[in-house]
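Here the protein sequences come in this chain order: H and D.
The working numbering puts the first residue of the first sequence at 75, with every later residue one more than the last.
The working numbering puts the first residue of the second sequence at 64, with every later residue one more than the last.
Each residue gets a CB set at the ideal place from its N, CA and C atoms; glycine is no exception.
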Amino acid sequence: MPTDESADLIELTREVCRRELAPRVDAAEAAGEMPREIFRTLGRSGLLSLPYDEELGGGGVPYEVYLQVVEEIASVWMSVAVGVSVHALTCFPTVTAGTPAQQESLLRDMLSGELLGAYCLSEREAGSDIASMRTRAVEHEGGFSIRGTKAWISHAGHADYYTSFVRTDDLGGKGLSCFVVPADAAGLTVATPERKMGLACDPVAEVTFDDVHVDADRLVGERGQGMQLALAALDAGRLGIAAAATGLAQAALDLAVRYAGERQQFGRSIGGFQGLGFMLADMEAAVSSARSSYLFAARLKDAGRPFSKQAAVAKLMATDNAMKVTTDAVQVLGGAGYTADFPAERFMRDAKVTQIFEGTNQIQRLVISRHLLNH
Amino acid sequence: MNIVVCVKYVPDAQGDRTFKDDNTTDREGVDGLLSELDEYAVEAALKLKESGEGEVTVVTVGPEAAADAVKKSLQMGADKGVHVCDDAIHGSDAAATSLLLAEAIKKSGEYDLVLAGLASTDGTMSVVPAMLAERLGLPQVTQVSTLEVEGGTVKGRRDSDVASDTIEASLPALVSVTDQINEPRYPSFKGIMAAKKKPVETWSLADLGVDAERVGLAGSWTKVTSFAKRPPREKGEIVTDEGDGGTKLAEYLAAQKFV
Ligand SMILES: Cc1cc2nc3c(=O)[nH]c(=O)nc-3n(C[C@H](O)[C@H](O)[C@H](O)COP(=O)(O)OP(=O)(O)OC[C@H]3O[C@@H](n4cnc5c(N)ncnc54)[C@H](O)[C@@H]3O)c2cc1C
């Protein structure tokens, strides 16, 4: 921790997790309920706006520290940690490209802790290939009219605003623009949530824009700058996912270690068998190296150096490691691990999606190789 | 309105709590924190401050690490802190502690209201607020679950199993509050940053002009002569249902006079 205040911040996060999240996570995940009130509690403590400048209403915390907060939350409740990371993502375009007037009129509320955002980038036919998106904004007097359907939108139906990327011009990747659309805009509707494998408390649904009018002052950044903003937001957002995956893996490891120490077979605790002890050692190595890789990328970012390649490496490493560690945790718990009486199976289901969203891990490899080959 | 809140630093109830050779609570070997029951008093003070104006001062008596209890209160929003810290204080009982609190509160300046929690989560005696009121010559309104200040009076409701009393006193007064009174806030990150710049005074016995013989193990009127761990809970009786489970359960409950 770089300062005493960062250590106090982690302490505060642990306290909120222990008192507010831990007692609720199992029941809420089983019921698949979006814990909107938890986000308000986090927001009031300033935990929803940590990485952005104080002048803008954020916490002014280095990424290195913010990500450790995300990791702490994920070690108790993955859906909530992902929500915190997604919210940060939704603020990014206005933070980096918003005009001073927009930073006053839009961003203050977004960073106030009371609001929760959603990030509308993907479409059914435009997942990894974002530039092929078809949702379109047509300019008319006083603003734009948006038409189309976004898919896989986290917090859909619960968000207070939608940071949306849509086509304004037929120029491929150069024809996209970013708008902050209020949730109560006429014509904006949310479909029934997807039935997913995991992350039950993160509702994901299609969002349809049926001639939704947005005022011109809700266009964030230049017209045509959308793709660039979306990708820059994802560079930073990926680190949030890497940190969350690390926290999830740590929780799985802690559970496996506890169980291996208690469970007796053949007259001794199963952790005493080398076959299992070495598995736990590999899990520890996987968690530690994931943490190192996201912290390394964060330090580059905090120092103002290029970090895009390292963010992709961290996302790839941390999420692949989380998949492996959570799968192995189920193995360590044996039959118990396969039941819903222990959280190991939930950890494993929650881990899978981290390899898919905010750029699949194939796309991370694409990003890394392009950096290496200067493409 | 100037409000003083008494807060205590206690061993974390989630850890292993132990005693030292002199039968005092071990405060060094374990993690400590602001007594959770005192958070309600801090919250009550902050609410009063927010509804009017004034200043909230937190006072603690305790070892060096007790500064954490002051810090946490400042992070929640209190304005300044006082920490009474002196090696000679070690082992002080409730009466001696109330003397130190009283002297510290007098030294800290003008006050209208002194707030305290229901009890500390380690000692759980609940007597310090009453003793403190006596020493300060204040009316005491203890263990209330509501609190209102209007004009020069303070009003609170004390709930018991059989009745609820509404108690009123003129200011300045001492009030201790229960865990029913409010929902204490968490510090915010802004509060953490702001707390760094808030003034904290650390006073020794000499600063307070208190004679070392009146406090500590030697100056305390009560002594802990021995302690014992609570016996582990005995295994419950298991009723095996062989068609007569209901009857057996009813018999058990009747034998224990539950029904
Ligand atoms: C729970 C959840 C939450 C989500 N939240 C959001 C959200 O809030 N906002 C949002 O905008 N989106 C969100 N998404 C969408 C997510 O980002 C996309 O699912 C992801 O980008 C992949 O797109 P796709 O599903 O269309 O897969 P596709 O792009 O169709 O990919 C299918 C497979 O092909 C592979 N592939 C594709 N292209 C290549 C290539 N060039 N080289 C090699 N392999 C390739 C992929 O790696 C993958 O294995 C979410 C998804 C999920 C599951």
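Beta-carbon gap between residue i and residue j smaller than 9 Å
{"i": "A162(H)", "j": "S123(H)", "result": "yes"}
{"i": "V240(D)", "j": "Q203(D)", "result": "no"}
{"i": "A233(H)", "j": "L273(H)", "result": "no"}
{"i": "A196(D)", "j": "L162(D)", "result": "no"}
{"i": "L178(D)", "j": "V263(D)", "result": "no"}
{"i": "G154(D)", "j": "L271(D)", "result": "no"}
{"i": "M28(H)", "j": "H229(H)", "result": "The displayed coordinates of chain H run from 75 to 449. Any statement about residue 28(H) would go beyond what the structure contains."}
{"i": "A388(H)", "j": "A414(H)", "result": "no"}
{"i": "I442(H)", "j": "L390(H)", "result": "yes"}
{"i": "V70(D)", "j": "A132(D)", "result": "yes"}
{"i": "V135(H)", "j": "L83(H)", "result": "yes"}
{"i": "V281(H)", "j": "A307(H)", "result": "no"}
{"i": "F252(D)", "j": "L121(H)", "result": "yes"}
{"i": "S227(D)", "j": "T216(D)", "result": "no"}
{"i": "V273(D)", "j": "E166(D)", "result": "yes"}
{"i": "I227(H)", "j": "A279(H)", "result": "yes"}
{"i": "G187(H)", "j": "R114(H)", "result": "yes"}
{"i": "W284(D)", "j": "A158(D)", "result": "yes"}
{"i": "D242(D)", "j": "L100(D)", "result": "yes"}
{"i": "L329(H)", "j": "A148(H)", "result": "no"}
Residues near residue i in its chain [Cβ-Cβ closer than 7 Å; skip 5 each side]
{"i": "G115(D)", "result": "M64"}
{"i": "D142(D)", "result": "E118, V119, T120 and K261"}
{"i": "L201(D)", "result": "V177, P235, A236 and L237"}
{"i": "L130(H)", "result": "V169, Q177, L181 and L185"}
{"i": "D376(H)", "result": "P136, Y137 and E138"}
{"i": "L316(D)", "result": "V322"}
{"i": "V254(H)", "result": "T168, L180, Y235, T237, R292 and V294"}
{"i": "E268(H)", "result": "V278 and A279"}
{"i": "M139(D)", "result": "V105, L109, R248, P250 and G254"}
Residues near residue i in its chain [Cβ-Cβ closer than 8 Å; skip 5 each side]
{"i": "R208(H)", "result": "E197, E199, A200, G222 and R241"}
{"i": "R297(H)", "result": "T242, D243 and S251"}
{"i": "M271(H)", "result": "R423, K426 and V427"}
{"i": "I315(H)", "result": "V156, S159, K389, A392, T393, T428, F431 and E432"}
{"i": "S202(H)", "result": "G433, T434, Q436 and I437"}
{"i": "A313(D)", "result": "V322"}
{"i": "V90(H)", "result": "T115, L116, S119 and L121"}
Cβ-heavy atom distance, residue i to ligand 3, below 8 Å
{"i": "D203(H)", "result": "Among the ligands in the structure shown, ligand 3 does not appear; only ligand 1 can be found there."}
Counterpart residues of residue i in DSSP-defined beta bridges
{"i": "F218(H)", "result": "E213(H) and V288(H)"}
{"i": "A200(H)", "result": "E197(H)"}
{"i": "T237(H)", "result": "Y193(H) and V254(H)"}
{"i": "T323(D)", "result": "The structure shown does not extend to residue 323(D), since chain D is modelled only from 64 to 322, so the question has no answer here."}
{"i": "K143(D)", "result": "T120(D)"}
{"i": "G95(D)", "result": "P74(D)"}
{"i": "Q138(D)", "result": "Beta-bridge pairing links Q138(D) to no other residue."}
{"i": "T88(D)", "result": "F82(D)"}
{"i": "K23(H)", "result": "In the structure displayed, chain H extends from 75 to 449; residue 23(H) sits before or after that span and is not available."}
{"i": "V387(H)", "result": "BP columns for V387(H) are empty, so no partner."}
{"i": "V427(H)", "result": "Paired residue(s): none; V427(H) is not in a bridge."}
Spatial neighbours of residue i in its chain, beta-carbon cut-off 6 Å, leaving aside the 5 residues before and after
{"i": "A304(H)", "result": "L195 and F239"}
{"i": "A128(D)", "result": "G95"}
{"i": "G125(D)", "result": "Y72"}
{"i": "L248(H)", "result": "Contrary to the premise, residue 248(H) reads as Lys rather than Leu in this sequence. Hits under 6 Å: G298."}
{"i": "S206(H)", "result": "A200"}
{"i": "F218(H)", "result": "A211 and V288"}
{"i": "V150(H)", "result": "C91, L95 and A96"}
Query - Segments of 4+ residues assigned as alpha helix (DSSP H) that fall wholly inside the stretch 123 to 174 of chain H - result: 137 to 148 and 152 to 171
Query raised in the report: Can at least three beta-carbon pairs, one atom from the stretch 157 to 172 of chain H and one from the stretch 328 to 348 of chain H, be found at a separation below 8 Å?
Result: no
Query raised in the report: Using 8 Å as the Cβ pair cut-off and three pairs as the minimum, do the stretch 172 to 183 of chain H and the stretch 290 to 297 of chain H touch?
Result: yes
Query raised in the report: Counting only runs that start and end within the stretch 251 to 290 of chain H, where is the beta strand (DSSP E) found for 3 or more residues in a row?
Result: 262 to 264 and 278 to 289
**Report entry** Uninterrupted alpha helix (DSSP H) stretches inside the stretch 152 to 185 of chain D (no shorter than 4 residues)
**Finding:** 157 to 171
Report task. Check whether the stretch 141 to 157 of chain H touches the stretch 211 to 221 of chain H, counting contact only when three or more Cβ pairs, one atom from each stretch, lie closer than 8 Å. Result -> no
Query raised in the report: Which full runs of the alpha helix (DSSP H) of 4+ residues lie inside the stretch 252 to 317 of chain D, going along the chain?
Result: 252 to 258, 268 to 271 and 279 to 282
Query - Three-pair Cβ contact test at 8 Å for the stretch 356 to 370 of chain H versus the stretch 382 to 396 of chain H - result: yes
Report task. Report yes or no: do three or more beta-carbon pairs, one from the stretch 326 to 339 of chain H and one from the stretch 398 to 409 of chain H, lie closer than 8 Å? Result -> yes
Query raised in the report: Would you say the stretch 244 to 251 of chain D touches the stretch 103 to 114 of chain D, given that touching needs at least three Cβ pairs under 8 Å?
Result: yes
Query raised in the report: Which runs of the alpha helix (DSSP H) fall wholly inside the stretch 207 to 235 of chain D and span at least 4 residues, in chain order?
Result: none
Query raised in the report: Can you list the alpha helix (DSSP H) stretches of 4 or more residues lying completely in the stretch 299 to 379 of chain H, in chain order?
Result: 300 to 336 and 348 to 376
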